[in-house]
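Notes to accompany the following structure.
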Amino acid sequence: MLLFAQIVVNGLLVGGLYGLMALGMGLVWGVLNIVNLMHGALIMLGGYAVYYLYTSAGLDPFAALPLAMLGLFGLGYALQWFVLGQIARSPLLNTLLVTFGLEVVATYLAQLAFSADLRTINPPYAGQHLALGGLVVPLVPAAAFGAALVLAASLWLALGRTRTGRAIRASAQNLGAARLYGVNPRRIFALTFGTGAALAGAAGGLYGLVAQISPYMGNSLTPKSFVIAILGGLDRPLGVLAGGLALGVAEALTGAYLASTYVDAISFGLLVLLLVARTSRLLRPA
Amino acid sequence: MRATVFALGVAILAAGRPAFAAATPITLGAAVQMTGAMANTGRYYRDAYQLAVAQVNALGGVTVGGEKHPLSLKLYDNQSDVNLGVRQYVELLTQDKVNFLLGPFSSDDALDDSSVAEKYRVPMVEGGGASSQIFSRGYSYVFGTLPPADDYFASTIEMLGKLSPPARTVALVSADDAFDVSVAKGTRKLLSAAGLELVVDKQYPEDNAEFASILSLVASKHPDVILWSGHEAQALNFIREMKSLGVSPERMASFTVGVPTADFRQALGPDAEYAFGMTPWLPSAAERDDWFGDGEKFAALYHQKLGYAPDYHAASAVADVETFVKAIEAAGSLDSGKVRDAIAHLDFQSLYGRIHFNPGGQIALAQTVIQIQHGQVVPIYVHDFVHRPLYPVPAWSKRLAHK
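The listed protein sequences correspond, in order, to chains E and H. Just so we're aligned, residue 1 is where the first sequence starts under our numbering, counting upward by one. Just so we're aligned, residue 1001 is where the second sequence starts under our numbering, counting upward by one.
What follows is the structure, given as structure tokens:
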């Protein structure tokens, strides 16, 4: 029983990070209709940003996180303004091609700049854990989990309560009407993509604290974010976070009681089930 | 498609140009991981092949029938993609018409790429695939210079029998690729022969390694020893998660890969301490070599030219190039069949060790048990103790107290 509880805790902690990874992807997808295949590359860049802020500038990784997010926000804003803006709301294939191309460029530039060596963000307190009545709660994953919760909640509040947030949601729902109310779509789209990139950057920094950073880490994280974003429901931040938690727990239980080899089968299996269930609900007459 | 296929035709003729005036080069071809998830190990093969070819040419090239030929190298980047690698090996033979084939890194790659060599009946000497699956298909054109994966833990398990306090229970955690499946299969046999009890035996997927649940399971069984098999990136994850979940084996943990490399120690810092591992090669002046002098001189030259220290992958790759030079000179011909027969009969001393292939096509090299002690890779055991192991390894909580 204790083992079961421990495995659920492990799953939840990983799941929080998964949720954060997917948050930016879901937001960009929901608002801009861009399936951002370079999302994993943005996560990777965030990881390197925090890594270098920690190793070269001596900043605590958690203090470096906002700086990395700021940098990634700027990068995302510029990318949308100058590059992706050209294909906004165009057929899905175009955006897939462009973001895929950007992902390849970012990955190979990263290998040139940072080499293929594996990096880890290893502050002195990494590896400590709290013991709660027989349960082991590792400190850094717990802090990463907390940061993910805070960011998801902030995004949810910002989308629901602020003027800009409402403009973002309005653009997603009905661009024409939003424009009539004075929303400047180009600026809103750049803000949205920048926010998505900043969230990816935060996820990358936290990922570097629990696993290792390499130029290729994005390859497996993009599809994972994709699954979670769909599980959670694109521009619903709390839904995406819940999707991440569900996937984390499902993976942990599979790994412990079946075999980890089936983990991917489980996560994509969940996706298929969900898509089937959702479609039938959508098709049912109201 | 990820098409940055940058073919590096490296013809290094700097020193011996006049001698080769009329001679046609002998070309060795390979597709290795220069980019992609395995690039951090793949680079050993690219760099070692290039260094070895340059060194052979600097010392006069290859003599065939009294005439000196330079070696040349045709390398492709397989981008850590097994399927792309197979296509590139076909291209090396059909378009580029290389004379002979060197191997890629990793058993999964070698398993598929070597089928191309067998199909076209061109010898491949590979130093990157250790799985017994590669050598159990009755192929006659495929030779490997890594010791068999099944025996990776043999010296470790032998050592366990001589340590006190003795170990009784073992947790085995292994990945699901060709190399690790072979390691796990061999290790189960070795464990039962040594009378050790296997209390956890778990596989994980190579491309999605998350160890928290496996580690919680391991912790609940309190094994004396954890034996872990996989590739380096996952080894780092495993150790970091061990620490953050506070999971320590009662006696020790050993890892098939990672421990000998500089990258591993750099990434883990003090957490790399006490980790046991293995290597079939350590730079040694006792390993004489016709081109590099000996193992130590090779390691120094490699470090100087490339800016990082070689490990056994690099030494194995150099041995592959040397194998072809020896075999071509022994055959006195560039004929695939004759060179293949010459390789099968080779027996020579290299900086990597004795190169002599068994009928299956693999060489026998004992794994030296190593341990990270005070930031250094220390050889511990091969047939007998070389240095004193730090054993039993202290739990994570005890290590923090020391700092």
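We put the CB at the ideal spot given by N, CA and C, even for glycine. Computed from a prediction, not measured in an experiment: that's the story for all the values here.
If you check the CB distance, E/LEU199 and E/LEU23 come in under 8 angstroms.
Taking a C-beta cut-off of 9 angstroms against chain E, the contacting residues of the segment 1185-1215 of chain H are LYS1202, GLN1203, TYR1204, PRO1205, ASP1207, ASN1208, ALA1209, GLU1210, PHE1211, ALA1212, SER1213, ILE1214 and LEU1215, listed in chain order.
Under the DSSP definition of a beta bridge, H/GLN1266 lacks any partner.
Minimum Cα-Cα distance from E/SER56 among the listed residues E/VAL14, E/GLY146, E/ARG166 and E/ILE121 corresponds to E/ILE121.
Considering only beta carbons, the part of the segment 112-123 of chain E lying closer than 9 angstroms to chain H consists of SER115, ALA116, ASP117, LEU118, ARG119, THR120 and ASN122, in chain order. Restricting attention to H/LEU1217, H/ALA1233 and H/PRO1223, the CA atom closest to the CA of E/GLN212 is found in H/ALA1233. Of the residues H/LEU1306, H/PRO1392, H/LEU1282 and H/ASP1177, the one whose Cα lies closest to the Cα of H/VAL1082 is H/ASP1177.
In this structure, E/ALA252 lies near H/SER1213, with their beta-carbon atoms less than 8 angstroms apart. Your pair H/GLY1103 and H/VAL1122 does not check out as a contact, with CB atoms roughly 12 angstroms apart and the cut at 8 angstroms. Identification of chain H residues near E/HIS129 by a Cβ-Cβ cut-off of 7 angstroms yields SER1244, LEU1245 and GLY1246, ordered along the chain.
Looking from the CA of E/THR195, the closest CA among E/ILE228, E/MET217 and E/LEU155 belongs to E/LEU155. DSSP places H/ASP1077 in the uninterrupted beta strand (DSSP E) bounded by 1071-1077. Counting the other CB atoms within 10 Å of its CB gives H/THR1094 a total below 16, which places it among the exposed residues. The segment 1238-1250 of chain H and the segment 1391-1399 of chain H touch, with no fewer than 3 CB-CB distances between them shorter than 8 angstroms.
DSSP places H/ASP1384 within a strand segment (E or B) once states are collapsed to three. Taking C-beta separations shorter than 7 angstroms and ignoring five residues to either side along the sequence, the partners of E/GLY26 in its chain run ALA229, GLY232, LEU234, ASP235 and VAL240, following chain order. Close to H/THR1035, with beta-carbon spacing below 9 angstroms, are these residues of chain E in chain order: THR107, TYR108, GLN111, ALA116, PRO215 and TYR216. For E/GLY19, no CB of chain H lies under 8 angstroms from its own CB, so it is not counted at the interface with that chain. DSSP, read as helix, strand or coil, puts H/VAL1339 in helix.
When only Cα atoms are considered, E/ALA147 and H/GLY1375 end up about 33 angstroms apart. Excluding residues up to 5 positions away in sequence, ALA68 and GLY71 lie with their Cβ nearer than 6 angstroms to the Cβ of E/ALA49 in the same chain.
Collapsing the DSSP output to three states places E/ARG186 in a helix. In the DSSP assignment, H/ILE1214 is bridged to no other residue. Taking CB atoms only, H/ALA1309 has no neighbour in chain E less than 8 angstroms away. Its Cα nearest to that of E/GLY208, the residue H/ALA1267 stands out among H/ALA1364, H/GLY1066 and H/ALA1267.
Sequence-distant partners of H/PRO1148 (beyond 5 residues in either direction) whose C-beta falls short of 6 angstroms from its own C-beta, in its chain, are SER1132 and GLN1362.
Assignment of H/GLY1061 by DSSP, reduced to helix, strand and coil, places it in the coil class.
Rounded to the nearest whole angstrom, the CA to CA distance from E/TYR52 to E/GLY127 is 20 angstroms.
Contact annotation: the segment 1329-1337 of chain H does not touch the segment 1255-1265 of chain H, with fewer than three C-beta pairs closer than 8 angstroms. Close to H/ALA1233, with beta-carbon spacing below 8 angstroms, are these residues of chain E in chain order: LEU118, GLN212 and SER214. The way I'd put it, the segment 1113-1120 of chain H doesn't touch the segment 1034-1041 of chain H; fewer than three beta-carbon pairs between them come closer than 8 angstroms. With a threshold of 8 angstroms between beta carbons, H/GLY1269 makes contact with chain E. For H/SER1229, the uninterrupted beta strand (DSSP E) segment begins and ends at 1225-1229.
Against chain E, the beta carbon of H/ASN1237 has neighbours under 7 angstroms at ALA211 and GLN212, listed in chain order.
Counting along the chain, E/HIS39 sits inside the alpha helix (DSSP H) bounded by residues 39-55.
Just so you know, the alpha carbons of H/ASP1151 and H/THR1187 end up roughly 7 angstroms apart.
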